[in-house]
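K.L.:
Residue numbers (my numbering): 68 to 262. From the three backbone atoms N, C-alpha and C, an ideal C-beta is built for every residue, glycine too.
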């Protein structure tokens with residue numbers, strides 16, 4: 068199940084408004100579809116391809132280590148980043164569904180430099196699939212959907228309030244926003260391999 072986040076991206080709906088149409092099973096199916104999309108991207112790649120450093124003229128990460136703010140992200144780097152963000156959204160969803168409005172960010176990102184092989188990329192994706200499904204399994208049968216993530220006024224002004232469903236979708240939305248970047252990195256890696 069692939070989700071079209073167009074209404075959110077166009078500003079027609081907040082993530083919270085958008086989220087009411089999705090069940091916990093829909094979230095699991097959409098998460099699996101995203102993992103499958105990324106696994107499929109890796110199908111014809113090798114270890115050198117997933118660690119290939121692409122050219123990205125738009126690269127800018129103010130939170131990166133000094134000297135890495137403007138580097139292109141390899142597929143391994145992208146996989147570490149997007150899985151961390153989606154798992155964070157899933158962790159928030161678990162906590163909110165159980166009625167606790169957590170403010171701290173429950174985020175851990177696998178160090179991208181530690182991912183050096185295609186097998187490690189696949190392992191990270193499958194681990195993320197298991198973790199996301201695990202967070203959804205912690206939802207009670209009747210989740211608290213009127214409990215919201217505590218966030219700054221700036222965050223709420225930009226993204227609106229996020230309950231359990233919206234938090235899960237928020238992480239997944241972030242992941243899908245990197246799809247084109249991943250496809251471009253793959254294109255560059257295969258072109259470099261071809262010579």
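1) Just to confirm, are residue 335 and residue 120 a CB contact at a threshold of 9 Å?
2) Within 8 Å, do at least three Cβ pairs link the segment 211–221 to the segment 154–167?
3) How many Å lie between residue 237 and residue 262 at the Cα?
4) With distances taken Cα to Cα, identify the nearest neighbour of residue 234 among 90, 112, 254.
5) Can you confirm whether the segment 125–143 touches the segment 217–228 when touching is taken to mean that 3 or more C-beta pairs between the two stretches lie within less than 8 Å?
6) Looking at the unbroken alpha helix (DSSP H) that takes in residue 189, where does it start and where does it end?
7) Which residue's Cα is closest to the Cα of residue 200: 88, 184, 93?
8) Within 10 Å of its beta-carbon, does residue 257 have 16 or more other beta-carbons around it, so buried, or fewer, so exposed?
9) Helix, strand or coil for residue 209, going by three-state DSSP, please let me know.
10) For residue 154, tell me which candidate among 141, 172, 188, 144 has the shortest Cα-Cα distance.
11) Whose C-alpha, out of 142, 181, 180, is nearest the C-alpha of residue 109?
12) Should residue 133 be labelled buried (16 or more other beta-carbon atoms within 10 Å of its own) or exposed?
P.N.:
Per the coordinate set shown:
1) Nothing can be reported for residue 335: it is not among the residues displayed for the chain, which extend from 68 to 262.
2) yes
3) Looking up residue 237 in the chain shown gives position 170. Looking up residue 262 in the chain shown gives position 195. Cα to Cα, residue 237 sits roughly 39 Å from residue 262.
4) Locating residue 234 in the chain shown gives position 167, where the first residue counts as 1. Residue 234 has its Cα closest to that of 90, out of 90, 112, 254.
5) The segment 217–228 and the segment 125–143 do not touch, with fewer than 3 CB-CB distances between them shorter than 8 Å.
6) For the purposes of this step, residue 189 is identified with residue 122 of the chain shown, where counting begins at 1. Counting along the chain, the alpha helix (DSSP H) containing residue 189 begins and ends at 185–204.
7) Along the chain shown, read from residue 1 onward, the residue named residue 200 stands at position 133. Residue 200 has its Cα closest to that of 93, out of 88, 184, 93.
8) In the chain shown, residue 257 corresponds to position 190, counting from 1. So residue 257 ends up on the exposed side.
9) Mapped onto the chain shown, residue 209 falls at position 142. Residue state, collapsed to three classes: coil.
10) Working through the chain shown from its first residue, we reach residue 154 at position 87. For the residues 141, 172, 188, 144, the minimum Cα distance to residue 154 belongs to 172.
11) As a position in the chain shown, residue 109 is number 42, starting the count at 1. Checking every option, the nearest Cα to that of residue 109 belongs to 142.
12) Translated into the one-based positions of the chain shown, residue 133 becomes position 66. So residue 133 ends up on the exposed side.
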